[in-house]
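Okay, so the sequence shown: first residue is 249 according to this note's numbering, each after it adds one.
Cβ atoms here follow ideal geometry from the backbone N, Cα and C, with glycine treated the same way.
These numbers were taken from a predicted model, which means no experiment stands behind them.
The next block holds one structure in the form of structure tokens; read it before the comments.
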Amino acid sequence: MLILDDVSIEVAGKEILHNINMEVKPGETHVLFGPNGTGKTTLLMAIMGFSGYKVTRGKIFFKGEDITGKTLYERARMGIGMSFQRPPTIRGLKTRQLVALCGKMKKDPDELAKRLNFGDFLDRDVNSNLSGGEIKKSELLQLMAQNPDMILLDEPESGVDLENIALVGEVVSELLDKSIRHFDEPMIEHKKKRKKSGIIITHTGFIMRYVHADVGHVLLNGRMSGASNPEEIFACVGKFGYEECVRCMV
Ligand SMILES: Nc1ncnc2c1ncn2[C@@H]1O[C@H](COP(=O)(O)OP(=O)(O)OP(=O)(O)O)[C@@H](O)[C@H]1O
Ligand SMILES: [Mg+2]
């Protein structure tokens, strides 16, 4: 689904990410850990194609196509979607209008909003005066309408209260097509049915209670660790810290 081949990214004249290699297969969900300021958001912004995030080395492939030179809207149309850590407020644009646009006017914003108990906020300007948790729901609502094949989530549970984390987790699971496995269905068969992929940035790991993560990585000082078991990484970081954890993974 997504391949980063030796990618380096520069922001405001400074190289933030160095020689990143990563492969997300169809149906896989990867989790990205790492300390503040290490380049996690930068990585997602560069995959999405924001113009301030310059690829100075390597290539990005999506669905087998080289998208390194493609614009953000071309990537969105190809099926990449993102929920932001800190999305901007957009005055003069109602959340209802944005959700309708994300769903190409084919999906009813009220129906989608019901799933997130977000109906009361549809007629506000996008993210205007929303609480931290409400902003995360607004981001998810747009993704539900867009229904992308590759979903980039930047700290989707940050600022979300404990009750709503379950709801957010369930919706993310649905977005990633992680349907419940029937008890007599072999795991391998169940996994084959999944087509959507995701990268989730999390500090707290709460989202992993609701969304099954297949692969984990640690991003440290702009460098990516190898792929490993996400639960093990989370436990290891909690016990020994990021640096020690990465040392074990090499
Ligand atoms: N537009 C920019 N101009 C200057 N520096 C930037 C810009 N965007 C990001 N940076 C710097 O790049 C580094 C990586 O930032 P990034 O937002 O990717 O970190 P992060 O890993 O997502 O951190 P956090 O866990 O705090 O969200 C930081 O040192 C940040 O200050
Ligand atoms: Mg960040």
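Quiz prompt | Per DSSP, the bridge partner or partners of T277 | solution = Beta-bridge pairing links T277 to G446.
Quiz item: Q333: beta carbon under 7 Å from a heavy atom of ligand 1?
Solution: yes
Quiz item: Quick one: does the C-beta of I264 sit closer than 7 Å to a heavy atom of ligand 1?
Solution: yes
Quiz item: To which residues does DSSP link D432 through a beta bridge?
Solution: D432 pairs with nothing; no bridge assigned.
Quiz item: How many Å lie between Q345 and E359 at the Cα?
Solution: Going from the Cα of Q345 to the Cα of E359 covers about 14 Å.
Self-check item: Bridge partners - Y301, DSSP secondary structure assignment
Solution: In the DSSP secondary-structure assignment, Y301 is bridged to V259.
Practice problem: Flag this pair as yes or no: are the beta carbons of V259 and Y301 separated by less than 8 Å? | Solution: Result yes, Cβ atoms of V259 and Y301 sit closer than 8 Å.
Quiz item: Among S445, K443 and V466, which one has its Cα closest to the Cα of G245?
Solution: The first residue shown for the chain is 249 and the last is 498, placing residue 245 beyond what the model contains.
Quiz item: For R471, which of helix, strand or coil comes out of DSSP?
Solution: strand
Practice problem: Report buried or exposed for L488, applying the criterion of at least 16 other Cβ atoms within 10 angstroms of its Cβ. | Solution: It is worth fixing the name first, because residue 488 is Phe in this sequence and not Leu. Per the 10 Å Cβ criterion, exposed.
Quiz item: What's the C-alpha gap between I257 and E433?
Solution: Near 42 Å, if we compare the C-alpha coordinates of E433 and I257.
Self-check item: Environment of M472 [buried if 16+ CB atoms lie within 10 Å]
Solution: M472 should be labelled buried.
Quiz item: If you draw a straight line from the alpha carbon of D254 to that of N269, how long is it in whole angstroms?
Solution: Computed Cα separation, rounded: 5 Å.
Quiz prompt | Whole-angstrom C-beta distance between A348 and P357, which should lie under 8 Å | solution = 6 Å
Self-check item: Residue list, Cβ distance to ligand 1 heavy atoms smaller than 5 Å
Solution: V259, A260, I264, N284, G285, T286, G287, K288, T289 and T290
Quiz item: Within 7 Å: the Cβ of D402 and any heavy atom of ligand 2?
Solution: yes
Quiz item: Hey, how far is the Cα of F310 from the Cα of A475?
Solution: 19 Å
Quiz item: Between A260 and chain E, is there a C-beta pair that is closer than 8 Å?
Solution: Going by chain labels, chain E is absent from the structure shown, which holds only one protein chain.
Exercise. Would you decide whether G294 is buried or exposed? Buried here means 16 or more other CB atoms lie within 10 Å of its CB.
Key: It should be pointed out that residue 294 corresponds to Ala in this sequence rather than to Gly. Label assigned to A294: buried.
Quiz prompt | Proximal residues to L415 (C-beta, below 8 Å), its chain only, five neighbours per side dropped | solution = L364 and N365
Quiz item: Taking Cβ to Cβ, would you say V459 is nearer than 8 Å to L424?
Solution: Contact flag set, yes.
Practice problem: Quick one: residues in its chain with C-beta nearer than 7 Å to the C-beta of G367, no 5 flanking neighbours on either side, listed in chain order? | Solution: Taking G367 as the centre and dropping the five residues before and after it, the same chain places the C-beta of D358 and A361 closer than 7 Å to its C-beta, in chain order.
Quiz item: When DSSP labels each residue in this structure, what does V459 get in the three-state scheme?
Solution: coil
Practice problem: For the segment 338 to 421, list the beta strand (DSSP E) runs that are entirely contained and at least 3 residues long, ordered along the chain. | Solution: Restricted to the segment 338 to 421, the beta strand (DSSP E) segments that are unbroken, complete and at least 3 residues in length are 338 to 342 and 398 to 402, listed in chain order.
Quiz item: Roughly how many angstroms lie between the CA atoms of V463 and H278, to the nearest whole one?
Solution: If you take the alpha carbons of V463 and H278, they lie about 5 Å apart.
Practice problem: Report yes if the CB atom of G446 is closer than 8 Å to the CB atom of Q394, and no otherwise. | Solution: no
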